[in-house]
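Numbering (our numbering), first residue to last: 43 to 397.
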């Protein structure tokens, strides 16, 4: 019986060593280890038969089994190391980099046109002593409407124009709410601009979007007049579009300014000299920018309404101010002669590379 068991162990050793030698993958060697030395392996199965041996025969079989185990484990370690080295050498050959090949140039990103114009706008107003401030886009109704002299029932507060979170909270329709917050601090004088996203229930088309960007300005101090407003806007527009542009103020009505005005800019494409323009030196042809009007509507402005100052705890007998608001998309489209607002949001790299 002991002779047969010894022969089985030796045959298992020889068979296993040959299989290890013939293996060409590390995974195959590991399978052999499990098959031979594992809990349910062939060597373990042989050793389980030791119970049928005589007590004096068991140490002989045990010693032989341990010898075979050590031999097999050594062969496994050597073959695994050999195969890993071979595999690494093959990978190195496959992954060799030819340093003489030209490198791949990664395209550099560019500032979005909205970002470029916004930074220019900030620089212009900072140079005039303004501070850039910001506020929440989800805002209380009282800051967006009530304190801006826009009472309940006003068309601007209708759900067809405004996104309501609930009865007291909306997505701000203008950044004027930031001006209210600034005035409530009562740190006078004030000279601020408040750029940011605003939200209105507009259908998406070439000139409208439910989400767009606005920049509003506010100045409050002593002896502030409409003339100061005109001078500020003229300086801003000339810095942005060039010294040749002219401004036109048309009477308008806003609930939070009195007097109020719409401000037009002379068309910088036709120079305000289109066929039906009023500048006196008409050119032939059609101007797609001003539609032959000679002027382009740019922004709204006016002197801060006394009631708005009172709402913020400011005495209108001592202080006065002016405010204005301009759409960032509008001035960007005019500056770069873009005729469709949607191009600014699609992030088409072919479009953005032009700027």
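Think of the CB as a built atom: it goes at the ideal place given N, C-alpha and C, for glycine as much as any other residue.
Review point. Could you give the distance in angstroms between the alpha-carbon of residue 291 and the alpha-carbon of residue 172?
Key: Within the chain shown, numbered from 1, the residue matching residue 291 stands at position 249. Within the chain shown, numbered from 1, the residue matching residue 172 stands at position 130. Cα-Cα distance, rounded: 23 Å.
Review point. Tell me, which residues are paired with residue 290 by DSSP?
Key: Within the chain shown, numbered from 1, the residue matching residue 290 stands at position 248. 306, per the DSSP bridge assignment.
Review point. So residue 160 packs on residue 237, CB below 8 Å; how close in whole Å?
Key: Counted from its first residue, the chain shown places residue 160 at position 118. Counted from its first residue, the chain shown places residue 237 at position 195. The pair is a contact, with the Cβ atoms about 6 Å apart (cut-off 8 Å).
Review point. With distances taken from CA atoms, which of 77, 187 and 227 is nearest residue 212?
Key: Mapped onto the chain shown, residue 212 falls at position 170. The shortest Cα separation from residue 212 among 77, 187 and 227 belongs to 187.
Check your understanding: With C-beta atoms as the reference, is residue 403 less than 7 Å away from residue 156?
Key -> Because the chain spans 43 through 397 in this model, residue 403 falls outside it and cannot be assessed.
Review point. So what does DSSP say about residue 389, is it helix, strand or coil?
Key: Your numbering for residue 389 matches position 347 in the chain shown. It is coil, neither helix nor strand.
Check your understanding: Hey, residue 117 and residue 59 are a contact pair by Cβ (cut 8 Å); roughly how many whole angstroms apart?
Key -> Here the question's residue 117 lines up with position 75 in the chain shown. Here the question's residue 59 lines up with position 17 in the chain shown. Contact annotation, residue 117 with residue 59: C-beta distance approximately 5 Å; criterion of less than 8 Å satisfied.
Review point. Taking the C-alpha atoms as reference points, what is the distance between residue 270 and residue 304?
Key: The sequence position of residue 270 within the chain shown is 228, counting from 1. The sequence position of residue 304 within the chain shown is 262, counting from 1. Rounded to whole angstroms, residue 270 to residue 304 spans 16 Å at the Cα level.
**Study point:** residue 343 burial status per 10 Å Cβ neighbour count (16 or more: buried)
**Key:** Here residue 343 refers to the residue found at position 301 of the chain shown. Counting the other Cβ atoms within 10 Å of the Cβ of residue 343 gives 16 or more, which makes it buried.
Point to revise | Cβ neighbours of residue 275 in the same chain (closer than 8 Å, five flanking residues each side left out) | key: For the purposes of this step, residue 275 is taken as residue 233 along the chain shown, with counting starting at 1. The answer, listed in chain order, is 289, 305, 341, 343 and 366.
Check your understanding: Name the DSSP beta bridge partners of residue 236, please?
Key -> Here residue 236 is taken as the residue at index 194 of the chain shown, counted from 1. Under the DSSP definition of a beta bridge, residue 236 partners with 258.
Check your understanding: residue 45 to residue 134, Cα distance in whole Å?
Key -> Mapped onto the chain shown, residue 45 falls at position 3. Mapped onto the chain shown, residue 134 falls at position 92. Taking the straight line from one Cα to the other gives about 50 Å.
Point to revise | Alpha-carbon to alpha-carbon, residue 200 and residue 337 | key: In the chain shown, the residue the question calls residue 337 occupies position 295. In the chain shown, the residue the question calls residue 200 occupies position 158. In this model, residue 337 and residue 200 are separated by some 31 Å (Cα to Cα).
Review point. Distance, Cα to Cα, residue 272 vs residue 330?
Key: The residue labelled residue 272 in the question sits at position 230 within the chain shown. The residue labelled residue 330 in the question sits at position 288 within the chain shown. Roughly 27 Å separates the two Cα atoms.
Review point. DSSP state of residue 216, grouped into three classes?
Key: Taking the first residue of the chain shown as 1, we reach residue 216 at position 174. Note: residue 216 maps to coil in three-state DSSP.
Check your understanding: Taking residue 394 as the reference, which of 153, 302 and 68 has the closest Cα?
Key -> Here residue 394 refers to the residue found at position 352 when the chain shown is read from its first residue. Closest in alpha carbon position to residue 394, among 153, 302 and 68, is 153.
**Study point:** Coarse secondary structure for residue 248, derived from DSSP in three states
**Key:** As a working mapping, residue 248 is identified with position 206 in the chain shown. Shown here, residue 248 sits in coil according to DSSP, grouped into three states, outside any helix or strand.
**Study point:** Nearest-angstrom Cβ-Cβ length linking residue 210 and residue 182, presumed shorter than 8 Å
**Key:** Position 168 of the chain shown, counted from the first residue, corresponds to residue 210. Position 140 of the chain shown, counted from the first residue, corresponds to residue 182. Between residue 210 and residue 182 a beta carbon distance of about 6 Å is seen, short of the 8 Å cut, so the two are scored as contacting.
Review point. Residue 382 and residue 248: beta carbons closer than 7 Å?
Key: The residue given as residue 382 occupies position 340 in the chain shown. The residue given as residue 248 occupies position 206 in the chain shown. Their beta carbons are under 7 Å apart, which means residue 382 touches residue 248 by this criterion.
Review point. Is there at least one non-hydrogen atom of the ligand MG closer than 6 Å to the beta-carbon of residue 239?
Key: Although the ligand MG was asked about, the structure shown includes no ligands whatsoever.
Practice item. Go to residue 169, then tell me how far its beta strand (DSSP E) extends in each direction, as first and last residue. Key: Taking the chain shown and counting its residues from 1, the one referred to as residue 169 is at position 127. No beta strand (DSSP E) contains residue 169, which is instead part of the alpha helix (DSSP H) from 155-169.
Point to revise | For residue 241, the residue or residues it bridges with in DSSP | key: Along the chain shown, one-based indexing puts residue 241 at 199. Under DSSP, residue 241 takes part in a beta bridge, and its partners are 253.
Review point. Just to confirm, are residue 185 and residue 219 a CB contact at a threshold of 7 Å?
Key: Translated into the one-based positions of the chain shown, residue 185 becomes position 143. Translated into the one-based positions of the chain shown, residue 219 becomes position 177. Note that the C-beta distance between residue 185 and residue 219 is below 7 Å.
Point to revise | Buried versus exposed, by CB contacts within 10 Å (16 or more), residue 361 | key: Indexing the chain shown from 1 puts residue 361 at position 319. Residue 361 is classed as buried because its beta carbon has at least 16 other beta carbons within 10 Å across all chains shown.
Check your understanding: Between the stretch 63-80 and the stretch 111-127, are three or more C-beta pairs nearer than 8 Å?
Key -> Taking 8 Å as the limit for Cβ pairs, the verdict is that the stretch 111-127 does touch the stretch 63-80.
Check your understanding: Run through DSSP, which three-state label would residue 53 get?
Key -> As a working mapping, residue 53 is identified with position 11 in the chain shown. In this structure, residue 53 counts as helix in the three-state DSSP scheme.
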